[in-house]
RNA sequence: UGGGGUGUCGCCAAGCGGCAAGGCACCAGGUUUUGAUCCUGGCAUUCGGAGGUUCGAAUCCUCCCACCCCAGCCA
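Numbering (my numbering), first residue to last: 1 to 558.
This is the structure:
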């Protein structure tokens, strides 16, 4: 409709279905199970599903696939909704729950029994596994496979009534124990679970399995294109089987795409939960987590995440996406939109010996080099200030473009200064630098023609503020931390978090609001922490560093 | 070894019989009061391999190879 050329195979399919009149309006759904927080992989799925609806003027539902109460909880239901909204997507109507369809699903199960397509099986889990056969050997029919419809109906009703213990009986479809597709070997439709459900309480003691529920949920909601990941491909024949054998008019179709595997990260709910439970990180929303909540706290923006998903495309091949692409997406967004500010992480005091002790000049600087609409801020300039210790050397080669004893450097948005003396402590460590300003160098090069080597950031010692700055890095130091039989916990990067308790920030930063992003010039992009930041005690998280070709080249001249 | 998939530059990805888009990364220059940004240029005679069909193949056919998924009463 709005699009003339499809950008991936799913769009091609939808466009064709629309053009051929097979569907009137495209309806998709994002169907998370509320058993964990959403991660970057889900973000891709969200972009794919909501994106398809958006692109073709259709609808997308948010449906909790809550068929297994044991691992689910309200906390996850809340976080998932917040994350989807934060990413900028709006689901159609109210949030849906698979559990709201439990009665309909049960009625359909009864129908299948009546049609002779399902039976109650008494095999326990162990026996069922043995009867199922292997990948290369056909399974054997359950001895309970030929119970009469009447007996099955009675047994199913009694399962529902709670007459049997967990694991004692299950309801299975009667399909083909010799099918080369394991999913078709009389799959389980209902199992007994005597636990309360977060939505239905104790109404049910039998719960439908994913296979028996998903397609029917789609049908109930009028979903036309049920998009999921590749590992469900083998389930499609079963998905279709249920739709075909049930009195259902709707005809949803399942399509699969390759899931996202970013390098240097893990995206399995089990592993992410383990990182949380083992306190490797502070929680699901720890800024190092690849969760949507974690990325949010880290300073990633919805626009960057969506851009990233668009960059990687949607295909049926599954590979590993270089996290550098995600990093590019966030740098691109923040470079364009984040106000600039100055922060000194490793303070070294500089005393400007030719600058009056009582003088304060309110210098004005743009908040962004190419976005005048972002306005300006005031930078108080004083006799004593801080620069980064890494930006000063008593001596260095010509490639070092910072302050060197006897040489000049430009203080960003302020004067050019020249260093005269390095004051050291008893251990010989430089603790203070004495320098002088070159007059009339704000906006001008020195009159004597001796230009400064470089530009460094600074913060007034008397007017600046102290802040806590958290320097985050990749959580894992291995490109594929959980590939094969690797123990991903062995690859947790020991330097994934470094906290700078007393960084100096320019005074304008006290006005920062939680979740507001900045570029601390020459350092990187930072965000005021969503929870811990306040005007009284500022806390910034490093989202991502600036590209640093100097460091990449080994920092020649250090 | 049964079934289902996938193989195009280091990574992602267009391409659908007419002679290899683009992005990331990387490299080389230029601009720059951020060693950032920005700009310019470079980066697959070759499409998992081998045959075949064709005037012509990454695109069609055959065989082979590699990798991923499936034996939960998880989703």
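The beta carbon of each residue, even a glycine, is placed where N, CA and C say it ideally should be.
CB of residue i within 8 Å of CB of residue j, strictly
i	j	result
residue 36	residue 101	no
residue 8	residue 29	no
residue 522	residue 469	no
residue 437	residue 402	no
residue 123	residue 80	no
residue 350	residue 382	no
residue 527	residue 515	yes
residue 506	residue 342	yes
residue 266	residue 32	no
residue 292	residue 386	no
residue 380	residue 391	no
residue 434	residue 418	no
residue 384	residue 461	yes
residue 465	residue 509	yes
residue 323	residue 263	yes
Bridge partners - residue i, DSSP secondary structure assignment
i	result
residue 207	191
residue 541	470 and 527
residue 504	344 and 466
residue 64	97
residue 256	228
residue 379	363
residue 460	385
residue 262	321
residue 422	433
residue 393	404
residue 291	39
residue 118	173
residue 475	According to DSSP, which records beta bridges pairwise, residue 475 is partnered with nothing at all.
Assigned exposure category for residue i - 16 Cβ within 10 Å defines buried
i	result
residue 316	exposed
residue 353	exposed
residue 558	Reliability fails at residue 558, whose pLDDT of 44 lies under 50, so the model's placement of it is uncertain and the value that follows must be treated cautiously. It is exposed - the Cβ of residue 558 has fewer than 16 other Cβ atoms within 10 Å.
residue 394	exposed
residue 410	buried
residue 424	exposed
residue 182	exposed
residue 127	exposed
residue 531	exposed
residue 311	exposed
residue 49	buried
residue 68	buried
residue 44	buried
residue 194	exposed
residue 3	Below a pLDDT of 50, predicted positions are generally treated as unreliable, and residue 3, at 41, falls in that range; the measurement from the model is reported next regardless. Exposed, by the Cβ-count rule.
residue 59	buried
residue 275	buried
residue 168	exposed
residue 549	exposed
residue 288	buried
residue 314	buried
residue 413	buried
residue 162	exposed
residue 216	buried
residue 399	exposed
Residues of its chain near residue i, where Cβ-Cβ distance is below 6 Å and the 5 sequence neighbours each way are ignored
i	result
residue 546	524
residue 254	226, 236 and 239
residue 519	338, 340 and 525
residue 223	27, 29 and 252
residue 155	120
residue 445	451
Close beta carbons around residue i, own chain, < 7 Å, minus the five adjacent residues each side
i	result
residue 452	408, 409, 410 and 416
residue 552	none
residue 374	339, 367 and 368
residue 364	376 and 378
residue 491	476, 477, 478 and 481
residue 166	192, 193 and 194
Close Cβ partners of residue i (< 8 Å) along its chain, the five nearest in sequence each way excluded
i	result
residue 204	102, 160 and 197
residue 174	116, 117, 118, 119, 145 and 186
residue 189	109, 112, 118, 170, 171, 172, 173, 208, 209, 211 and 212
residue 318	230, 258, 259 and 261
**Message:** Using 8 Å as the cut-off, can you tell me whether the stretch 346-365 makes contact with the stretch 326-336, which would need three or more C-beta pairs spanning the two stretches below that distance?
**Reply:** no
**Asked** Contact between the stretch 232-241 and the stretch 259-270: three or more CB pairs below 8 Å?
**Response** no
**Stretch-stretch touch, CB-based, cutoff 8 Å, three pairs: the stretch 140-157 with the stretch 81-100** = Flag = no, the stretch 140-157 and the stretch 81-100 do not touch.
**Message:** Contact between the stretch 488-505 and the stretch 470-478 is defined here as three or more beta-carbon pairs at a separation below 8 Å; is this criterion met?
**Reply:** yes
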